[in-house]
Amino acid sequence: MNTYQYLNSRVIFERAAKVIPAGIYGHLGPAEGCFIPVEAYPFYAQRAQGAYFWDADGNRFIDYMCAYGPIVLGYNHPAVEAAARAQQEQMNCGVLPGEIMVQLAEKLVSLVDSADWAFFAKNGGDVTNLAVMTARAHTRRNKIIKFAGGYHGVSQWMQFIGNAGIIEEDVSSVITLPFNDAQAVEQAFKRYPGEIAAIIATPYHHPAMADNALPEPGFWPAVRGLCDREGALLIIDDVRAGFRLSLHGSDAYYGFKADLICFCKALGNGYNLSALCGRDAYKEAVSSVFYTGSYWLSAMPMAAALATLTELERIDGPGLMTRQGTKLTQGLAQAAQQHGYHLKITGEPSMWYMRLTDDDTGVLHQQWVSECVRRGVFFTNHHNLFINTAITDEDIAYTLEVAHDAFRALRGAGQKGSI
Amino acid sequence: MRLRLSSVYKEVKAVNLERIRACINLHAILRNLEDLGDLDDDARTLLAGHDLRIGMHVPGIEPLTLAVKDGAIRAKRGSEAGSLRLQFASPRHFNGMVGGSSMPLPTGGFKHLGFLKGNFAALAKDLEKYLRPGADDLKDPAFRDKNTRLTASAAMYALSEIANADPVGRQIARAMGEGTAVIEVPGVLAHAIQSKDGRLTTSRYEGQGAQAFMRFDSLDTLGQVLLGELDSYLCIGRGQIAISGRVPMMDNINKLLRMVSFYLA
Chain B
0 MNTYQYLNSR
10 VIFERAAKVI
20 PAGIYGHLGP
30 AEGCFIPVEA
40 YPFYAQRAQG
50 AYFWDADGNR
60 FIDYMCAYGP
70 IVLGYNHPAV
80 EAAARAQQEQ
90 MNCGVLPGEI
100 MVQLAEKLVS
110 LVDSADWAFF
120 AKNGGDVTNL
130 AVMTARAHTR
140 RNKIIKFAGG
150 YHGVSQWMQF
160 IGNAGIIEED
170 VSSVITLPFN
180 DAQAVEQAFK
190 RYPGEIAAII
200 ATPYHHPAMA
210 DNALPEPGFW
220 PAVRGLCDRE
230 GALLIIDDVR
240 AGFRLSLHGS
250 DAYYGFKADL
260 ICFCKALGNG
270 YNLSALCGRD
280 AYKEAVSSVF
290 YTGSYWLSAM
300 PMAAALATLT
310 ELERIDGPGL
320 MTRQGTKLTQ
330 GLAQAAQQHG
340 YHLKITGEPS
350 MWYMRLTDDD
360 TGVLHQQWVS
370 ECVRRGVFFT
380 NHHNLFINTA
390 ITDEDIAYTL
400 EVAHDAFRAL
410 RGAGQKGSI
Chain F
0 MRLRLSSVYK
10 EVKAVNLERI
20 RACINLHAIL
30 RNLEDLGDLD
40 DDARTLLAGH
50 DLRIGMHVPG
60 IEPLTLAVKD
70 GAIRAKRGSE
80 AGSLRLQFAS
90 PRHFNGMVGG
100 SSMPLPTGGF
110 KHLGFLKGNF
120 AALAKDLEKY
130 LRPGADDLKD
140 PAFRDKNTRL
150 TASAAMYALS
160 EIANADPVGR
170 QIARAMGEGT
180 AVIEVPGVLA
190 HAIQSKDGRL
200 TTSRYEGQGA
210 QAFMRFDSLD
220 TLGQVLLGEL
230 DSYLCIGRGQ
240 IAISGRVPMM
250 DNINKLLRMV
260 SFYLA
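Heads up: the protein sequence lines correspond to chains B and F, in order.
The first sequence lines up with residues 0 to 418 when you count with numbering that gives the first Met the number 0.
The second sequence lines up with residues 0 to 264 when you count with numbering that gives the first Met the number 0.
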């Protein structure tokens, strides 16, 4: 198989280096995006369609990051684009919201089990932060429980001590516990009676750079019960998993009910929108929080989101993504086995995490992923991957061909001693 | 009452800061005399013909022994009998000596006092010349080479001291997980930072058993990053710095490196 070159990407990067911090900052950049080795990765995209994107050098990739989650129906989905265009022609950013805001809230309330209302913003971090503020407003308590490795955005309280710009006071009200450990949650409530405002957690544990873990039987019922007993709120951060497991909320998928639930990524198929949904009991508290933004009530992303949800419902998007994810991950694991490696798959098939377990450093896995990228399959080595509904059986078959070739390259490099 | 508590807290913080600086001065800066002896002809001349051990004792901090022999220095944690023993009254007293404002109290091995006042003082001055260079010094490639090696060594050893002594550093170290991270310019220099039981130890890397890697493409790149002339994030994009293996471990090392610049400023 031919491997890609990225000359234009590098030329653009050198221009960026002069005017943009780090060239590309954040998770799309080579540093935080873990482009290892960096020469295997494109830096800039030119266009995207369906399951694919093309980089600045014209190389085509099947995108298994789906823009880190938002692309759930494939890029430029016709129904979503038509709805967005129609709304754009009417109005987007205005001095008053459009009726579309109410329609979208009604849709979310009808779909999501734990939603009696919806509050819109832009990014996932906007609504995880709002959820915590709402819990504090409602309970008049300070402390928050989160689980080790859980990611809830980049506000100061969600970060870690030692991160640049973070001070001890930012994180001093956050208690970090191991996921799937209801006993630890109970002990925290005993240690801080009447002080814990909320628990915030992803519906299953999908940290970066670590195997993912599904909730153990009894974990969520126990946590739900503790929150009820202690008067704390249960916040589900469904920013990443939302609408990939179930259209009714991932809490419903795992058989419990959140008090507040946060959505973003898949909500608008790439149009920038997030939503905090919750139960009636917290409607007054969320209204009391001073929280707003210039673009939060823009109408076009709301029209796109309404179309996205309607389409996901029509085609049973979560079911389709689970089936395709299962086919793909089983094929990848078999490919690894055929070449004498062990590829461990964890998490849910529609947004799986994988790693080669054959060395304890991760170097081998980083090398294999980079060989896939050089051949047009865009994986990352550190994060869960994503399926979207545009990925076909042909795409999966091609991905498996690439995986085999990447394993052959890995074996060859290993024999030459370059890994 | 609140004011009094606040002032006590500030005093405790100041004492801790003094102690952490003393740990760094002892086990990262003075330890660096070992590397200076290996790199610098003037240092080798000052060490030639001497055979002694100098023990540095600072209350509350593991001692450092500098063994001088065959024109070289070897630094070792802990004390050894028969040394020229330098006792300091407090971390502040020791930091004062490093800063040139106070003198040590020799409590044993008096026959070596001449070496201490003459050759050792000259070595310390030589080291300071490389660690606190003037702008013109850095125009000389040979000087810059030594500056980079010695600054890198000081930073790598300081990193472990901070991880073991600073309250935030300790939290970062605990989050690292166990294993060894290597920072290297392949074929030129390599430091290993081992994380075990929540404590870090820096040593020269012998080429085996590491889990995380940060590789610089040249000594020049490393030097420019240490001097703040190059942005390390841009270097990653350009392939001048390659990180691989256990990324979270290296991520935490980076956090500690940021703290090093605070303490060494």
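Just so it is clear, CB atoms sit at the ideal spot from N, CA and C, and this is done for glycine as well.
As the structure is a prediction and not an experimental result, all values here were calculated from the model.
* Asked: Cα separation between residue 2 (chain F) and residue 187 (chain B)?
  -> In this predicted model, residue 2 (chain F) has a pLDDT of only 43, less than 50, meaning its place in the structure is not dependable enough to derive any value.
* Would you say residue 38 (chain B) faces chain F, with C-beta separation under 9 Å as the test? -> yes
* Asked: Does DSSP put residue 65 (chain F) in a helix, a strand or coil?
  -> strand
* To do: With 9 Å as the C-beta to C-beta threshold (strictly closer), list the residues of the stretch 197-227 of chain F near chain B in chain order.
  => 209, 210, 211 and 212
* To do: Give the residues of chain D in contact with residue 189 (chain F), contact being defined as C-beta atoms less than 7 Å apart.
  => Structure shown: chain D not included; protein chains present are B and F.
* Asked: Smallest Cα separation from residue 60 (chain B): which of B:356, B:28 and B:401?
  -> B:401
* Which bits of chain F does residue 11 (chain B) rub up against, with CB to CB less than 9 Å? -> Here the premise fails: no neighbours, minimum Cβ distance about 11 Å.
* the stretch 3-13 of chain B / the stretch 35-44 of chain B touching (three or more Cβ pairs under 8 Å) -> yes
* Using beta-carbon positions only, say whether residue 277 (chain B) and residue 133 (chain B) come within less than 9 Å of one another. => yes
* Bridge partners - residue 204 (chain B), DSSP secondary structure assignment -> B:212
* **Best match in B:46, B:380, B:64 and B:147 for proximity to residue 57 (chain B) [C-alpha to C-alpha]** => B:46
* Keeping to the same chain, check which residues put their C-beta closer than 6 Å to that of residue 213 (chain B); ignore five residues upstream and five downstream. => 203
* To do: Identify whether residue 111 (chain B) lies in helix, strand or coil by the three-state DSSP scheme.
  => coil
* Asked: Quick one: Cα of residue 70 (chain B) to Cα of residue 335 (chain B), how far?
  -> 27 Å
* Spatial neighbours of residue 344 (chain B) within its chain, please: CB distance less than 7 Å, with the 5 preceding and 5 following residues excluded, ordered by chain position. => 328, 332, 351 and 353
* Asked: CA-CA distance, residue 173 (chain B) and residue 230 (chain B)?
  -> 17 Å
* Could you tell me whether the Cβ of residue 435 (chain B) comes closer than 9 Å to any Cβ of chain F? => With chain B represented from 0 up to 418, any question about residue 435 (chain B) goes unanswered, as that position is not in the structure.
* To do: State the Cα-Cα distance for the pair residue 246 (chain B) and residue 19 (chain F), rounded to the nearest angstrom.
  => 54 Å
* Where does residue 398 (chain B) fall in DSSP's three states? -> helix
* **Segments of 3+ residues assigned as beta strand (DSSP E) that fall wholly inside the stretch 127-155 of chain F** => none
* Asked: If you measure beta-carbon to beta-carbon, which residues of the stretch 359-392 of chain B are closer than 7 Å to chain F?
  -> 359, 360, 361, 362, 365 and 381
* Excluding sequence positions up to five away, which residues of its chain have a Cβ less than 7 Å from the Cβ of residue 249 (chain B)? -> 202, 235, 237, 240 and 241
* Check the Cβ-Cβ distances between residue 182 (chain F) and every residue of chain B, and say whether any is below 9 Å. => no
* To do: Determine, using beta carbons only, whether residue 259 (chain F) and residue 217 (chain F) come nearer to each other than 9 Å.
  => no
* Would you say residue 29 (chain B) faces chain F, with C-beta separation under 9 Å as the test? -> yes
* Asked: For residue 1 (chain F), which three-state DSSP category applies?
  -> For residue 1 (chain F), the predicted structure reports a pLDDT of 42, less than 50, and the residue's modelled location is therefore unreliable. The matter cannot be settled from this model.
* Asked: Can you list, in chain order, the residues of its chain whose CB lies under 6 Å from that of residue 135 (chain B), leaving out five sequence neighbours each side?
  -> 196
* **Where residue 118 (chain F) falls, given that 16 or more other Cβ within 10 Å makes a residue buried** => buried
* **Option nearest residue 151 (chain B) by Cα separation, candidates B:200, B:175 and B:168** => B:200
* To do: Quick one: residues in its chain with C-beta nearer than 7 Å to the C-beta of residue 406 (chain B), no 5 flanking neighbours on either side, listed in chain order?
  => 334, 335, 338, 340 and 367
* To do: Report all residues from its chain with a CB closer than 6 Å to the CB of residue 66 (chain F); omit the five preceding and five following residues, and keep chain order.
  => 52 and 73
* Check residue 2 (chain B) in the structure and name its three-state DSSP category. => coil
* In chain order, what residues of the same chain lie with their CB nearer than 7 Å to the CB of residue 36 (chain B), ignoring the 5 residues before and after it? -> 369
* **The alpha helix (DSSP H) enclosing residue 126 (chain B), as first and last residue numbers** => 123-138
* Asked: In angstroms, rounded to a whole number, what distance separates the CA positions of residue 143 (chain F) and residue 409 (chain B)?
  -> 39 Å
* To do: Examine the Cβ distances between the stretch 69-83 of chain B and the stretch 293-306 of chain B and report whether three or more of them are shorter than 8 Å.
  => yes
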